[in-house]
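Read in order, the letters of the sequence shown are residues 1 to 365 in UniProt numbering. This report concerns only the one structure given below.
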Amino acid sequence: MATKPHNLGLLRRVRDRFTLRRPPTGTDRMRHDHHDHTDRLVEIACDESGSEGEKLIGGNTDVFAHASVCLPMESAAACIQEARERIRSPAEEYKANHFLRGKHRAVLTWLLAPTGPIHGNAGVFLTDKTFFALSKLTGLLTDDPETARDLAVTLYHEGEPAFGRAGWAGFLWSFNDLVRAKIPAGPFFDLVETLRTGADGPAAEIMKSLPAARPRITEYLDGVHEPPRTPVLDPLIPAITQAVRHWGRGGRLVSIVHDEQTALTEERIAELRTLFDHPPRPSGTRLIGFRLADSRDDARIQVADFLAGIARKITSEVLAGRADRELTELIQPYIDESSIWGSTRTLPILGLPAGVSRRPSAGPG
C-alpha cells in the first residue's frame, strides 16, 4: 500500500527528531575530527642515506642525509615512471645511484630542477657525522648550548692541525667507541693527556679542559648505557624530529610513513610520539601517526630514497673539496637550514646561513 503524503511527512519529522537526539557515536566523532583537521593534516614519507647507526667515525660515509617528501601517491608513482622511461634500467627498484651515473645527469637535473616533480614538496636534513660527534662531546663541557657549539666548531676546524692527522683521528675514534659501547673510559683520557701535552692554540685549550670534566662525562656515560640503552649518537632521531618540525609549521598535524629501519624500534617510535604529544611541543607541532613501510610498496618512500642518496653524495663531495657547481645549486633549495653542519667553508656553497654550525642540534639527546 502506498504511503499517504501527510503520513510520509510525519515519519520524516519523527526520524529527524530521533536523529537530533541520538548521542554521537565514535564514528560520528571521528568524522567530526576528520572534518576539523583535514586541512591541517600532512603525511610525509621519509628515507635516509648514510646510516651506520652510532658509528660516526671511521665508517663508510661522512654525511647522513634524511629526506622527507610530501607528495600524493599518484604523483610519486608518476615521478618514478618518468625516471624509468628516461633511464631505461631493468632494475626492479631504482636507487639514487641510477641518477648519479654520469650518463644519466640530465635525469638527475630534471629531478632536482625548480620545474621538476619534487621541487617545493621535499626536503633533506643533513648531518656532518664528525661535527655531530664533537657536538655531543662539547655539550658535556658546558650547560650553555651556544658555547658548546662554538667549542665544537673550534675543534672541528682546528683539531687536526693542532694534534696531527693520526692523533686527531684516534681521538675521534676513541670518543665514538666510548659512547657506543660500555668500555672503560681510562684509555680515552690517557689519549687526551697525550694530545694536550705540548699542544697550543684554541683546540689545545679545549682538550686541556677535558680531564676536569671527567666526572661529568663518566656520569653521562653511565646514564647512556643503562638499559634500555639510548643510542645518543644515532643521527636518525634528530633528523626525524626536524622533519616533523619542518612540515608541522603553522600548527599542522604530521603523520609519517618511514622506510623500514631496524633502529626505529617500537620504543623509539613511542619516544618520538611522546616528544610531540605533550606541551610545550617543539614549534607547537604534533606527530599524530608513525608507521614503517617497505619502499617497494610505497612510491613516496622511493622518491625520498632518491633525494636522500643524491643529497648525501653531492654534499659529501662538497666536504671533500670536489663541489659540482650545477648539482650543488640544484640541491640547495632542498637542504634544511637547521642541518647539523660544521664546515664553515662549505656553508655558502650549500646555501646554508652562516650561523647554522652554531645552532643547537635538532632533536633530543
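Even for Gly, the Cβ is constructed at its ideal location relative to N, Cα and C.
For Gly289, the uninterrupted beta strand (DSSP E) run begins and ends at Arg286 to Ala293, by DSSP.
Straight across, the Cα-Cα distance linking Gly198 with Phe188 is about 18 Å. For Glu92, there is no enclosing alpha helix (DSSP H), as DSSP gives it neither H nor E.
By the CB criterion at 8 Å, Val318 and Leu233 fall outside the cutoff.
The segment 82-131 contains, as complete beta strand (DSSP E) runs of 3+ residues, the segments 122-128 (chain order). The segment 159-175 makes contact with the segment 199-209: 3 or more CB pairs, one atom from each, lie closer than 8 Å.
In the DSSP assignment, Val232 falls outside any beta strand (DSSP E), carrying neither H nor E. The three-state reading of DSSP puts Glu160 in helix, counting H, G and I together. Looking only at Thr127, Arg245, Leu287 and Leu137, the smallest Cα-Cα distance to Arg214 is reached by Leu137.
Beta-bridge pairing by DSSP links Glu48 to His66. As a beta-bridge residue in DSSP terms, Ile335 pairs with Val124. Excluding residues up to 5 positions away in sequence, Asn121 and Arg300 lie with their Cβ nearer than 6 Å to the Cβ of Leu71 in the same chain. Note that the C-beta distance between Gly342 and Phe131 is below 8 Å.
The three-state reading of DSSP puts Glu326 in helix, counting H, G and I together.
Beta bridge pairing from DSSP links Leu253 with Leu41 and Arg286.
DSSP places Gly321 in no alpha helix (DSSP H); its state is neither H nor E. In this structure, Gly53 is the residue among Ala45, Thr274, Gly53 and Gln261 with its C-alpha nearest to the C-alpha of Thr127. Between the segment 39-46 and the segment 55-72 there are three or more C-beta pairs closer than 8 Å, enough to call the two in contact. Each residue's CA atom was taken as its position, placing Ile310 and Ala212 some 43 Å apart. Only buried fits Ser338, as 16 or more other CB atoms lie within 10 angstroms of its CB. Bounds of the alpha helix (DSSP H) holding Arg165 are Arg165 to Arg180.
Asp259 is bridged by DSSP to Ala293. By the beta-carbon neighbour count (other beta carbons within 10 angstroms, threshold 16), Ser135 is buried.
Secondary-structure assignment with DSSP links Ile340 through a beta bridge to Thr127. With a beta-carbon spacing of about 6 Å, Leu112 and Ile331 fall inside the 8 Å limit used to define contacts. Rounded to the nearest angstrom, the gap between the Cα atoms of Leu264 and Trp168 is 32 Å.
Ranked by Cα distance from Phe64, the options Pro353, Pro238 and Asp298 are led by Pro238. Going by C-alpha positions, Arg291 is about 20 Å away from Phe125. By the neighbour-count criterion, in which 16 or more other beta carbons inside 10 Å mark a residue as buried, Pro235 falls on the buried side.
Counting the other CB atoms within 10 Å of its CB gives Thr262 a total below 16, which places it among the exposed residues. DSSP places Arg214 inside the alpha helix (DSSP H), whose first and last residues are Arg214 to Val224. Distances from the CA of Gly250 to each of Arg286, Lys129, Leu195 and Met207 were compared; the closest alpha carbon is that of Arg286. A direct Cα-to-Cα measurement between Asn176 and Ala185 gives close to 12 Å. The DSSP-derived three-state label of Ile240 is helix.
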